[in-house]
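Trainee: In numbering that gives the first Met the number 0, the protein residues as written are 0 to 200. Each residue gets a CB set at the ideal place from its N, CA and C atoms; glycine is no exception. Quick one: this structure, given as structure tokens, is what I'll be asking you about.
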Amino acid sequence: MNYFPGAETEIRDNRGFTALIKAAIQGRNDVVAALIMHGADVNAVDSNRGKCARDWALKTGRFDTLNRLRHLALHPTAEQFCDTYVPEWPNLKVLVSKATANKSASQKLTHHLKSTFGFSFPRDPQANGVMDHMVRMTTSLRSPFIATATRPLCPSSPPQMGKRRLAVAELIYLWWSFHSPSLCLHSTARPYPPSLTPLHP
Numbered sequence: 000m001n002y003f004p005g006a007e008t009e010i011r012d013n014r015g016f017t018a019l020i021k022a023a024i025q026g027r028n029d030v031v032a033a034l035i036m037h038g039a040d041v042n043a044v045d046s047n048r049g050k051c052a053r054d055w056a057l058k059t060g061r062f063d064t065l066n067r068l069r070h071l072a073l074h075p076t077a078e079q080f081c082d083t084y085v086p087e088w089p090n091l092k093v094l095v096s097k098a099t100a101n102k103s104a105s106q107k108l109t110h111h112l113k114s115t116f117g118f119s120f121p122r123d124p125q126a127n128g129v130m131d132h133m134v135r136m137t138t139s140l141r142s143p144f145i146a147t148a149t150r151p152l153c154p155s156s157p158p159q160m161g162k163r164r165l166a167v168a169e170l171i172y173l174w175w176s177f178h179s180p181s182l183c184l185h186s187t188a189r190p191y192p193p194s195l196t197p198l199h200p
């Protein structure tokens with residue numbers, strides 16, 4: 000989606016399904032997330048049964064897709080791609096203060112018994128836990144992995160659920176236009192730089 004200027008996400012087939020609804024029916028979680036973060040309407044319904052992507056995911060038993068939709072609704076903005084993101088885990092201070100707090104003898108005994116006789120079973124990562132923080136921190140604009148290899152063109156406008164994102168060619172064109180005073184933005188003779196011609200009409 001990032002390399003196709005003017006990609007339309009709301010085109011419907013003969014049954015009235017949008018690309019998002021079809022991806023939800025097929026359980027294509029990554030496609031669902033990509034379409035939503037590109038601006039696809041999550042509340043769009045098909046013309047036959049009037050069901051949206053959530054309804055179709057529930058009807059077809061795509062519970063992983065339903066969970067992905069709920070997660071996106073809870074975290075609609077990729078905050079790590081914004082220049083105001085601070086790479087700090089909010090829960091760290093609370094956990095440190097709890098671990099370093101003075102405990103009574105009974106609390107120490109209870110903790111010792113739990114650590115000795117407790118069983119550790121594999122489970123999914125905790126929502127907004129340390130794994131989520133690690134992913135956000137390593138993919139943020141201030142991460143050394145990102146900052147040394149890329150240069151953001153629009154750091155003040157991070158990807159957001161329901162907001163159409165400009166393609167790479169469009170972002171570069173806007174940057175190129177801003178830094179080229181002689182270019183007329185309303186000119187139709189040369190809407191893109193020579194090396195940034197759209198990949199499709």
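Excluding the 5 residues preceding and the 5 following E169 in the sequence, name in chain order all residues of the same chain whose CB lies nearer than 6 angstroms to its CB.
Mentor: Here residue 169 refers to the residue found at position 170 of the sequence shown. Closer than 6 angstroms at Cβ, skipping near neighbours: P4.
Trainee: Give me the Cα-Cα distance between W175 and E87, rounded to the nearest whole angstrom.
Mentor: Here residue 175 is taken as the residue at index 176 of the sequence shown, counted from 1. Here residue 87 is taken as the residue at index 88 of the sequence shown, counted from 1. Their backbone Cα atoms lie some 34 angstroms apart in a straight line.
Trainee: For P192, which three-state DSSP category applies?
Mentor: Position 193 of the sequence shown, counted from the first residue, corresponds to residue 192. The predicted model places P192 with a pLDDT of 46, which falls under 50 and marks its position as unreliable, so this point remains unresolved.
Trainee: Could you compute how far the alpha carbon of T8 sits from the alpha carbon of L19?
Mentor: As a first step, residue 8 is located in the sequence shown; it is residue number 9 there, counting from the start. As a first step, residue 19 is located in the sequence shown; it is residue number 20 there, counting from the start. Near 8 angstroms, if we compare the C-alpha coordinates of L19 and T8.
Trainee: Taking the beta carbon of I10 as the centre, do at least 16 other beta carbons fall within 10 Å, making it buried, or is it exposed?
Mentor: Within the sequence shown, residue 10 is the residue found at index 11, counting from 1. Burial call: exposed.
Trainee: With a Cβ-Cβ cutoff of 7 angstroms, do L140 and P154 count as a contact?
Mentor: Numbered from its first residue, the sequence shown carries residue 140 at position 141. Numbered from its first residue, the sequence shown carries residue 154 at position 155. Yes, they are a contact pair.
Trainee: If you scan the segment 68-92 from start to end, which runs of the alpha helix (DSSP H) of 4 or more residues do you find wholly inside it?
Mentor: The qualifying runs do not exist here; there are none.
Trainee: Under the rule that 16 or more other beta-carbon atoms within 10 Å means buried, what is M133, buried or exposed?
Mentor: As a working mapping, residue 133 is identified with position 134 in the sequence shown. Flag for M133 reads exposed.
Trainee: Mind checking who Q159 pairs with in its DSSP beta bridge?
Mentor: Numbered from its first residue, the sequence shown carries residue 159 at position 160. DSSP, once it has assigned bridges, lists T76 as partnering Q159.
Trainee: Output the distance between the C-alpha atoms of R61 and R53, rounded to the nearest integer angstrom.
Mentor: Along the sequence shown, read from residue 1 onward, the residue named residue 61 stands at position 62. Along the sequence shown, read from residue 1 onward, the residue named residue 53 stands at position 54. So the two alpha carbons sit approximately 9 angstroms from each other.
Trainee: When you compare the CB positions of L57 and L65, do they come within less than 7 angstroms of one another, or not?
Mentor: As a first step, residue 57 must be located in the sequence shown, where it is residue number 58. As a first step, residue 65 must be located in the sequence shown, where it is residue number 66. Yes, the pair counts as a contact, with Cβ atoms nearer than the cut-off.
Trainee: Helix, strand or coil: how does DSSP classify Y172 here?
Mentor: Working through the sequence shown from its first residue, we reach residue 172 at position 173. Helix, per DSSP.
Trainee: Residue range of the alpha helix (DSSP H) that V129 falls in?
Mentor: Numbered from its first residue, the sequence shown carries residue 129 at position 130. Where V129 is concerned, the enclosing alpha helix (DSSP H) stretches over 129-137.
Trainee: So, helix, strand or coil for H111, using DSSP?
Mentor: Indexing the sequence shown from 1 puts residue 111 at position 112. Helix.
Trainee: Output the distance between the C-alpha atoms of H171 and M0, rounded to the nearest integer angstrom.
Mentor: Looking up residue 171 in the sequence shown gives position 172. Looking up residue 0 in the sequence shown gives position 1. It should be noted that the sequence gives Ile, not His, for residue 171. If you take the alpha carbons of I171 and M0, they lie about 15 angstroms apart.
Trainee: Which stretch, first to last residue, makes up the alpha helix (DSSP H) that contains A33?
Mentor: Stepping through the sequence shown from its first residue, residue 33 is reached at position 34. 28-36 is the extent of the alpha helix (DSSP H) around A33.
Trainee: Count the other CB atoms within 10 Å of the CB of F177; is the residue buried (16 or more) or exposed (fewer)?
Mentor: Taking the sequence shown and counting its residues from 1, the one referred to as residue 177 is at position 178. Result: exposed.
Trainee: Once the 5 residues before and after A32 are set aside, which same chain residues still bring their CB inside 8 angstroms of it?
Mentor: Along the sequence shown, one-based indexing puts residue 32 at 33. Taken in chain order, the residues that qualify are R67, L71.
Trainee: For the candidate residues R27, A23, D29, N28, whose alpha-carbon lies nearest to that of A43?
Mentor: Position 44 of the sequence shown holds residue 43. For the residues R27, A23, D29, N28, the minimum Cα distance to A43 belongs to A23.
Trainee: Use the C-beta contact count for V41: other C-beta atoms within 10 angstroms, 16 or more gives buried, fewer gives exposed.
Mentor: Here the question's residue 41 lines up with position 42 in the sequence shown. Label assigned to V41: buried.
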